[in-house]
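Our numbering puts the last residue of the sequence shown at 230; the count rises by one with no breaks. Virtual Cβ for every residue (Gly too), placed ideally from N, Cα, C. Quantities reported herein were computed from a predicted structural model and do not represent experimental measurements. Working notes, structure below.
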Amino acid sequence: MNRLIHRTITEFLRDTYGEEFSRIIRDDRRNMVAPATPVTGFATAGLTLAAERLSKPLPDLYEDLGAWLTRIEPLRRLLRFSGRDFNDFLLRLDELPGRAHLVLSTLDVPPLQVDVVDGTFWLTLPRFEMGWQHILVGLLRGMADDYGALCLLSVQGAAIHVEICDNRFAEGRHFTLHGAAATGIVP
């Protein structure tokens with residue numbers, strides 16, 4: 044499992060910031076005696092080093108990782124299968140940990156609670172982990188674009204607030220139930 048997460052982070056850094064930056068982070072990580080922050084869940088030393096080198100807040104880097112994940116076609120298809128529009132997608136988001144477990148049983152996706160109050164969505168991770176929360180914000184941002192929805196996303200404490208301004212703001216990406224054969228999760 045750790046190798047899959049490490050590979051995903053490596054590919055994200057390479058795709059987003061280039062081969063040279065990815066190599067620098069890989070070399071920095073190899074030279075470390077121990078990470079400066081505890082390595083729990085997705086709080087990996089590689090992302091922490093990348094955030095420091097980029098002078099970018101770590102939560103922002105997690106969000107970028109989440110948005111990047113939605114560009115991986117097999118994962119996008121798994122997510123997109125959750126609903127006909129972004130509203131349906133959000134209503135079924137509490138099924139995500141179970142779906143992830145079906146695909147990769149060793150991935151410990153924390154449970155999600157979805158509440159709708161006055162037409163806005165509140166997503167809560169009962170087992171709060173900053174990394175997961177911000178990866179989820181990035182996933183939501185990417186999927187809103189995929190569906191063509193315009194929404195406002197904000198992190199408020201342990202919850203993510205999602206307000207859909209227009210569910211059909213733009214034309215969403217094409218989606219059918221049958222897709223091209225996939226060669227793997229990480230390109």
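Helix, strand or coil at PHE124 [DSSP, three-state]: In the structure shown, PHE124 sits in coil (DSSP, three-state: anything other than H, G, I, E or B).
Own chain partners of GLN176 with C-beta closer than 7 Å, once the 5 adjacent residues on each side are dropped: Once the five neighbours on either side are set aside, the close Cβ partners of GLN176 are LEU168, VAL198, ILE203.
Residues near ALA93 by beta carbon distance below 7 Å, same chain, minus five either side: So the list reads LEU56, ILE68, LEU104, once near-sequence residues are dropped.
Rounded C-alpha distance that separates GLY61 from ASP161: Just so you know, the alpha carbons of GLY61 and ASP161 end up roughly 43 Å apart.
Nearest to GLY89 (by Cα), restricted to the options ASP70, SER98, GLU106: The shortest Cα separation from GLY89 among ASP70, SER98, GLU106 belongs to ASP70.
Proximity winner among ILE178, CYS194, PHE212, GLY200, relative to PRO102 (alpha-carbon distances): The closest CA to that of PRO102, considering only ILE178, CYS194, PHE212, GLY200, is found on ILE178.
Rounded separation between VAL180 and THR149 - CA only: Pairing VAL180 with THR149, the inter-Cα distance amounts to about 22 Å.
Cβ separation of ARG211 and GLY191, assumed to be a contact under 8 Å, to the nearest whole Å: About 6 Å separates the CB atoms of ARG211 and GLY191; that is less than 8 Å, so the two are in contact.
Exposure of VAL205, with buried meaning 16 or more beta-carbon neighbours within 10 Å: The residue in question, VAL205, is buried, as its Cβ has 16 or more Cβ neighbours within 10 Å.
Reduced DSSP category for GLU172 - H, G, I as helix; E, B as strand; rest coil: The answer is coil: DSSP assigns GLU172 none of H, G, I, E or B.
In DSSP terms, what PHE164 is bridged to: Paired residues: VAL159, VAL205.
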